[in-house]
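Trainee:
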Amino acid sequence: MHGMGAWFPLGRIGMGQEHRRARRFNVSMAVTLILRDTKNRLILADPLPGTLLDISLYGARLSVPHIRTGRYHLFYACNDDSAKVIHLEVIDKHGGDRLVLPAHPVWFDHVLSSPSKHFELGLEFLIPPEDPNITKLHAFLAGQPPLAGGWLKRLFRLA
């Protein structure tokens, strides 16, 4: 042990190695992010369009054109004040349904190597995997054209 934390030999567990609670699967779907103040029940800035890139039972990775909306930085606003959350909004255009999942940003990255210079944002859902809204999202995604045949139905046992 070194200092107060656990020490791991180099090469065993290092930075960049992922420790996930659930498997993530690639998707591609338009979503909207809405920054909200849950304490005062306010929408703090204009909605921000994004693309859902991958998803698990516990969270998602998104692409957004910019990380700021209005005067707020999506990551820092939520991490500086726990009353601020991101509502991830998914709209089923065919059924006319709107699904809203509260989430907290856990990381972001500016993808400078991309021609669009977009940002990626990691969100952790603030509701448990068994919440009806998570189930609805996965059922909706399972009905979308698959990127890799049948993976979502197997993941969420909807088949």
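Heads up: the sequence shown runs through residues 129 to 287, numbered per the numbering used here. Note that CB positions come from ideal geometry on N, CA and C, so glycine has one too. Just so we're clear, the structure is a prediction, and the values are computed from it rather than from any experiment.
1. What is the DSSP secondary structure of residue 179, counted as helix, strand or coil?
2. Quick check on residue 178: buried or exposed, where buried means 16 or more other Cβ atoms within 10 Å of its Cβ?
3. From residue 219 to residue 233, what does the alpha carbon distance come to, in whole angstroms?
4. Could you pull the start and end residues of the beta strand (DSSP E) that residue 154 belongs to?
5. Quick one: what's got a C-beta closer than 7 Å to residue 192's C-beta in the same chain, skipping five residues either side?
6. Give the list of continuous beta strand (DSSP E) stretches no shorter than 3 residues that lie fully inside the region 188-231.
7. So, does the region 157-173 touch the region 194-211, judging by three or more C-beta pairs under 8 Å?
8. Please state whether DSSP places residue 260 in a helix, a strand or coil.
9. Just to confirm, is the Cβ distance from residue 195 to residue 229 under 8 Å?
10. By Cβ distance below 8 Å, which residues in the same chain neighbour residue 244 in space, the five residues on each side in sequence not counted?
11. Look at the alpha carbon of residue 274 and the alpha carbon of residue 225, and state the distance between them as a whole number of angstroms.
12. How would you write the range of the beta strand (DSSP E) that residue 240 sits in, first residue to last?
13. Contact defined as beta carbons within less than 8 Å: I believe residue 152 pairs with residue 183. What is the distance between those atoms, to the nearest angstrom?
14. In the structure shown, what three-state DSSP assignment does residue 265 receive?
15. What are the boundary residues of the beta strand (DSSP E) that includes residue 251?
16. Just to confirm my understanding: we take residue 202, look at its own chain, exclude 5 residues before and 5 after, and list those with CB closer than 8 Å. What are they?
Mentor: According to the structure shown:
1. Against the sequence shown, residue 179 aligns to sequence position 51. Of the three classes helix, strand and coil, the one that applies to residue 179 here is strand, per DSSP.
2. Translated into the one-based positions of the sequence shown, residue 178 becomes position 50. It counts as buried.
3. What you label residue 219 is simply residue 91 of the sequence shown in a count that begins at 1. What you label residue 233 is simply residue 105 of the sequence shown in a count that begins at 1. Going from the Cα of residue 219 to the Cα of residue 233 covers about 21 Å.
4. Locating residue 154 in the sequence shown gives position 26, counting from the first residue. It spans 153-165 - the beta strand (DSSP E) in which residue 154 sits, taken as one unbroken run.
5. Taking the first residue of the sequence shown as position 1, residue 192 is located at position 64. These residues qualify, in order along the chain: 161, 176, 178, 246, 247, 249.
6. 212-220
7. yes
8. To locate residue 260, count along the sequence shown from 1; it is residue 132. The answer is helix: DSSP assigns residue 260 an H, G or I state.
9. Position 67 of the sequence shown, counted from the first residue, corresponds to residue 195. Position 101 of the sequence shown, counted from the first residue, corresponds to residue 229. Cβ atoms of residue 195 and residue 229: not closer than 8 Å.
10. One-based indexing of the sequence shown puts residue 244 at position 116. Counting only Cβ-Cβ distances below 8 Å, and skipping sequence neighbours, we find 193.
11. Numbered from 1 along the sequence shown, position 146 holds the residue referred to as residue 274. Numbered from 1 along the sequence shown, position 97 holds the residue referred to as residue 225. Bear in mind that the predicted position of residue 274 carries a pLDDT of just 48, short of 50, making it too unreliable to give a figure here.
12. In the sequence shown, counting from the first residue as 1, residue 240 sits at position 112. Here residue 240 belongs to no beta strand (DSSP E), and DSSP marks it neither H nor E.
13. Position 24 of the sequence shown holds residue 152. Position 55 of the sequence shown holds residue 183. The Cβ separation is near 7 Å, so the contact holds.
14. For the purposes of this step, residue 265 is identified with residue 137 of the sequence shown, where counting begins at 1. Helix.
15. Walking along the sequence shown from the start, residue 251 turns up at place 123. Here the beta strand (DSSP E) through residue 251 covers 247-253.
16. The sequence position of residue 202 within the sequence shown is 74, counting from 1. Excluding sequence neighbours, residue 202 sits near 161, 163, 176, 192, 195, 196, 214, 233, 236, 249.
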